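Colleague: Residue numbers (UniProt numbering): 1 to 286.
Cβ atoms here follow ideal geometry from the backbone N, Cα and C, with glycine treated the same way.
Quick caveat: nothing in here was measured; it's all calculated off a predicted structure.
What follows is a structure written as structure tokens; I'll ask about it next.
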């Protein structure tokens, strides 16, 4: 759980950083550069492992969780204002629970209650009435990103426990798949085009690639292995109140403090509720 909280704080800070720094760079190229740095960071660790060979299943899984997610996420900005991107990511916990139920062939409606509470809590913080005619298109694209990220983390949670390889080696294979997919997507956007990336933008990309993405996804999937599906689902929205809080304190943006307090409080309650339900069910099994 500590790893998930750490990543939530990391991504909350990164959200404000991304907003105004990477305009003018093709979205697929941004995704490729970030995921390329992820692969560069973890490939030496994988090579130090004995008899390392890329796990093709993890390569495919990484192309979905990180590659498809980033491509769809960044593309959604062409149709949605920033606040609606934040609003429409709040459904990811539902997809986490859906995929976990499909993979385990078990579903308990009681476990869904705290997850729904966390979605309501996040909506209280970020929801505004949409004012764009392209909302449905953007919503559909963003749900593809949410589905890809939800499937990847749940699939890794269950598949990784069957592997003998360490987590850092597994992530190298996943980053390889994500980098290859985004490279294919970026190629048409870069051939014959005059793209200029400033030193400041390179600094942001290095930070986002090595720290926010590389270290962040590593810790996120590590944390996914250690918690129950409902807690993992709820933590997918935990970055939202943190992002709003940082927007107030570090980036001098406006936000409704009352909504932040109510929504943040409800997310804490939902985490506690999910933990209590999970422990009660585990005790019954024992």
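Tell me the rounded alpha-carbon separation between residue 117 and residue 200.
Modeller: Straight-line Cα distance between these residues: approximately 40 angstroms.
Colleague: Helix, strand or coil for residue 238? Go by DSSP, reduced to three states.
Modeller: Residue 238 falls in the coil class under three-state DSSP.
Colleague: For residue 147 and residue 279, what's the separation of their Cα atoms in angstroms?
Modeller: Between residue 147 and residue 279, the C-alpha separation is close to 27 angstroms.
Colleague: Would you please state the rounded distance, in angstroms, between the beta carbons of residue 216 and residue 7? I believe it to be under 8 angstroms.
Modeller: Confirmed, Cβ separation roughly 5 angstroms.
Colleague: Rounded to whole angstroms, what is the Cα-Cα separation between residue 97 and residue 266?
Modeller: If you take the alpha carbons of residue 97 and residue 266, they lie about 19 angstroms apart.
Colleague: For residue 222, which residues in the same chain have their Cβ closer than 7 angstroms to its Cβ, ignoring the five residues on either side in sequence?
Modeller: Taken in chain order, the residues that qualify are 3, 167.
Colleague: Going by alpha carbons, who is nearest to residue 30 out of 208, 241, 224?
Modeller: Measuring from the Cα of residue 30, the nearest candidate turns out to be 208.
Colleague: Find the nearest neighbour of residue 175 within the set 70, 102, 9, 268, judged by alpha-carbon distance.
Modeller: For residue 175, the nearest C-alpha among the options comes from 70.
Colleague: Which same chain residues end up closer than 8 angstroms to residue 273 when comparing Cβ atoms and leaving out the 5 residues on each side of it in sequence?
Modeller: Once the five neighbours on either side are set aside, the close Cβ partners of residue 273 are 113, 114, 117.
Colleague: For residue 107, I'd like the list of residues in its chain whose CB is within less than 7 angstroms of its CB, leaving aside the five on either flank, ordered along the chain.
Modeller: Cβ within range, chain order: 101.
Colleague: So what does DSSP say about residue 166, is it helix, strand or coil?
Modeller: Coil, per DSSP.
Colleague: Please state whether the Cβ-Cβ distance between residue 218 and residue 150 is less than 7 angstroms.
Modeller: No, they are not a contact pair.
Colleague: DSSP on residue 26, reduced to helix/strand/coil?
Modeller: If DSSP states are grouped into helix, strand and coil, residue 26 belongs with coil.
Colleague: Whose CA, out of 228, 125, 236, 179, lies closest to the CA of residue 263?
Modeller: Answer by Cα proximity: 125.
Colleague: Here's the rule: buried if 16 or more other CB atoms are within 10 angstroms of the residue's CB, otherwise exposed. What is residue 68?
Modeller: By the neighbour-count rule (16 or more Cβ atoms within 10 Å), residue 68 is buried.
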